Amino acid sequence: MQIEDSVAFVSGANRGLGARFVASLLEGGARKVYAAARDGGTVETGDSRVIPITLDITDPVQVAQAAAIAGDVTLLINNAGINRLDRAILPRDDSAARAEMEVNYFGTLSMCRAFTPALIANRGAVVNMLSILARVGLPMMGSLCASKAAALRMTECLRAELAEHHVRVLGVLPGAIDTDMSRDFPPPKLSVTEVDDAVFAALANGPDEVYVGAMAQGVSAGLAADRDAVQKQFAGYL
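Okay, so the sequence shown: first residue is 0 according to numbering that gives the first Met the number 0, each after it adds one.
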């Protein structure tokens, strides 16, 4: 997919990786970029091609409104996500797990469903920002792992469903990125530029499942060789 003259929609676009996506789309010649955040007023609007959208992806009404506004979209980047930095079993309640599942899985699913008609009509593409933790359990972020694993399975099924409509579906599984979401994760961390570069390279001419960085690529290779050994290694991070 070519970025020049594309019409993109980016969720979580007000900071970090989302803001970097918006900047790259503009640099690449996108015709229009819908930049969404919970507070649309926090989106950088220095370029007339940027259209700020107030969007909570867990709110069905706001999602439907966003899809109606952006009916010309050719590229959907589902970047919004949360990490409550909680274990799966030992927390006193399930608030973290529910919040992560609502945003990382159900919110992303809702966005995909709402934008599918436009993407089919425009023969577009979807990018779902996942995590290498979709494929391996990290106990210190157990509920995040579950939500990202659910989103990965959904992404695989969406890809199969939309293939006959010529809509590409990319799942991006990076290691830790140097943003607020991974603030408690030890270095080294990927820069937002490294992730951004990998995503747009894959859109141009790359695989539909993108492992960004040495850590993610190493985990993927390790899982293929000896899944139990990799899981035992991660099990030590409590």
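Quick reminder that beta carbons are idealized off the backbone N, C-alpha and C, glycines included.
Since we're looking at a predicted model, the values are computed, not measured.
query, result
"Residues sharing a beta bridge with K31, DSSP", "V6"
"Three-state class that DSSP yields for P173 in the structure shown", "strand"
"Beta-carbon spacing of N13, V42 below 7 angstroms", "yes"
"4 or more residues per run - each alpha helix (DSSP H) lying fully within the region 187-221", "191-204"
"C-beta contact flag for D179 and S142 at 7 angstroms", "no"
"Beta-bridge partners of A36, as assigned by DSSP", "T53"
"Residue range of the beta strand (DSSP E) that includes L260", "In this structure the chain extends from 0 to 237, so residue 260 is not present and cannot be described."
"Cβ neighbours of P138 in the same chain (closer than 8 angstroms, five flanking residues each side left out)", "R86, A87, F233, A234, Y236, L237"
"Contact under 7 angstroms by Cβ, L16 with V191", "yes"
"Distance CB(G174)-CB(E208) smaller than 7 angstroms", "no"
"Three-way DSSP call (helix, strand, coil) for N121 in this model", "coil"
"Those residues which DSSP pairs with N127 across a bridge", "N77, G170"
"Stretch-stretch touch, CB-based, cutoff 8 angstroms, three pairs: the region 67-81 with the region 110-123", "yes"
"Identity of the residue in A65, R182, F184, I176 nearest A197 by Cα", "I176"
"Euclidean distance between Cα positions of V125 and Q230", "30 angstroms"
"Whether V9 touches F20 by CB criterion (7 angstroms)", "yes"
"Under 7 angstroms between C-beta atoms of V148 and A133", "Here residue 148 turns out to be Ala, not Val, going by the sequence shown. In contact: A148 and A133 (Cβ atoms closer than 7 angstroms)."
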